[in-house]
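A.B. asks:
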Amino acid sequence: MKVIDNLSTWRQLRRELSGSIGFVPTMGALHGGHAGLLERSVSENAVTVLSIYLNPTQFNNPDDLARYPSTMEQDLQLARELGVDVVLLPGYEDLYADGYRFRIEEHQFSRELCGAHRPGHFTGVLTVVMKLLNLVRPDRAYFGEKDYQQLQLIRDMCETFFMDVHIVACATVREPNGLALSSRNALLDAPGRARSAQFQQLLRSDLDDAGVARELERAGFVVDYVETRDGRRFGAILVNCGDRQVRLIDNVSLRHEQLAALASAG
Ligand code: PAF
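Note that the working numbering gives residue 139 to position 134 of the sequence shown, counting from 1, and the numbers run on in steps of one.
This is the structure we're talking about:
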């Protein structure tokens with residue numbers, strides 16, 4: 006496995022690569038969800054490229070960025086075990102030589118759901134993903150459905166800008182109690198982690214969105230939003246863990262009968 010931390014080496018190597026290229030962009034602190042994306046890429050492509058880059062432009066809260074977990078040695082070990090061919094570790098100067106003068110902005114969906122609570126977040130995501138896709142030029146790029154809004158926006162961006170890449174969606178990986186795997190779970194204390202299992206249970210329940218939000222608050226979470234759209238219920242909560250709050254997001258697809266019941270009630 007090649008670990009490359011400068012872009013001129015990568016660009017040289019890219020010219021030499023042949024066969025299909027699968028790409029998994031990440032911010033590190035890899036977990037079972039990332040492992041699923043990497044396994045799928047390894048099984049579907051001749052070459053798998055993993056990028057690890059903690060992208061500052063997508064954090065609207067400096068504390069959130071400072072606290073984001075980093076487990077580089079373990080990440081590289083996991084990548085090696087899964088058969089990743091290249092790990093790209095770009096730096097800020099590589100990716101933002103323009104000082105973030107140029108940005109990819111979307112003016113509708115990126116302002117809703119998570120975007121309504123994290124101004125500028127999706128502009129940072131779309132900008133860095135566009136840059137990484139242009140650098141890697143993969144045939145397929147893999148994203149998890151846990152970040153469903155991100156996945157949808159990236160899909161739309163690629164279609165809008167005629168980008169020649171297939172965006173592959175991979176199902177959310179969950180702990181046995183149903184908690185969606187996320188790098189941020191590492192920030193939860195044991196009671197917070199146990200309590201957070203209720204998040205997806207309530208998202209799946211037959212309650213309407215307001216009822217789910219009410220029950221989440223009753224369980225001690227701060228609710229950013231709970232919203233059903235296009236057959237899916239989305240939510241974001243803050244979990245109080247000692248002196249800090251950890252933000253979790255999740256989404257579940259609702260059953261046909263649930264959607265019918267919600268529609269007739271509302
Ligand atoms: O989902 C993530 O980890 C990040 O938003 C991504 C897509 C790697 C962009 O920084």
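Ideal Cβ placement from N, Cα and C applies to all residues, glycine included.
Predicted model only: the values in this text are computed from it and were never measured.
Could you tell me which of Ala-84, Asp-90, Leu-35 and Asp-194 sits nearest to Gly-24, measuring between CA atoms?
C.D. replies: It is Asp-90 whose Cα lies nearest to the Cα of Gly-24.
A.B. asks: Return the first residue and the last residue of the alpha helix (DSSP H) that Ile-159 is part of.
C.D. replies: From DSSP, the alpha helix (DSSP H) with Ile-159 extends over 153-165.
A.B. asks: Do you know whose CA, among Arg-142, Ala-174 and Pro-124, lies nearest Gln-157's CA?
C.D. replies: Cα-wise, what sits closest to Gln-157 is Ala-174.
A.B. asks: Smallest Cα separation from Pro-193: which of Leu-208, Phe-226, Thr-165 and Asp-211?
C.D. replies: Checking the sequence, you will find Leu at residue 193 rather than Pro. The shortest Cα separation from Leu-193 among Leu-208, Phe-226, Thr-165 and Asp-211 belongs to Phe-226.
A.B. asks: Going by DSSP, what residues sit across from Thr-53 in a beta bridge?
C.D. replies: Answer is Gly-27, bridged to Thr-53.
A.B. asks: Out of Ala-40, Phe-114, Leu-94 and Val-178, which one is the CA nearest neighbour of Glu-86?
C.D. replies: Residue Ala-40 is the option with its Cα nearest to Glu-86.
A.B. asks: What residues sit near the ligand GDP, counting only those whose C-beta is closer than 6 Å to one of its heavy atoms, in chain order?
C.D. replies: Absent from the structure shown: the ligand GDP. Ligands present: the ligand PAF.
A.B. asks: I need the DSSP call for Thr-233, collapsed to helix, strand or coil.
C.D. replies: Thr-233 falls in the strand class under three-state DSSP.
A.B. asks: Report yes if the C-beta distance between Val-231 and Asp-214 is below 8 Å; otherwise report no.
C.D. replies: Against a cut-off of 8 Å, the Cβ pair of Asp-214 and Val-231 comes out as a contact.
A.B. asks: With 16 as the cutoff for other CB atoms within 10 Å, does Ala-241 come out buried or exposed?
C.D. replies: So Ala-241 ends up on the buried side.
A.B. asks: For Ser-258, which of helix, strand or coil comes out of DSSP?
C.D. replies: Ser-258: strand per DSSP, three-state reduction.
A.B. asks: Identify which residue in Ser-75, Leu-253, Thr-233 and Ile-254 has its Cα closest to the Cα of Leu-267.
C.D. replies: The shortest Cα separation from Leu-267 among Ser-75, Leu-253, Thr-233 and Ile-254 belongs to Thr-233.
A.B. asks: Buried or exposed for Glu-164, going by 16 or more other Cβ atoms inside 10 Å?
C.D. replies: Exposed is the call here.
A.B. asks: Across the segment 75-82 and the segment 117-132, are there enough close Cβ pairs to call them in contact, namely three or more that are closer than 8 Å?
C.D. replies: Not touching, per the Cβ criterion.
A.B. asks: Among residues of its own chain, excluding the 5 on either side of Phe-64, which ones have a beta-carbon nearer than 6 Å to its beta-carbon?
C.D. replies: Hits under 6 Å: Leu-70.
A.B. asks: In whole angstroms, what separates the C-alpha of Leu-35 from that of Glu-111?
C.D. replies: C-alpha separation (whole angstroms): 28 Å.
A.B. asks: DSSP beta-bridge partners for Ala-174?
C.D. replies: DSSP, once it has assigned bridges, lists Phe-148 as partnering Ala-174.
A.B. asks: What does the alpha-carbon distance come out to for the pair Arg-19 and Val-141?
C.D. replies: Taking the straight line joining both Cα atoms gives about 7 Å.
A.B. asks: Pick from Phe-127, Lys-7, Arg-16 and Gly-27: whose alpha carbon is nearest that of His-171?
C.D. replies: Selected option, being the one with the closest Cα: Gly-27.
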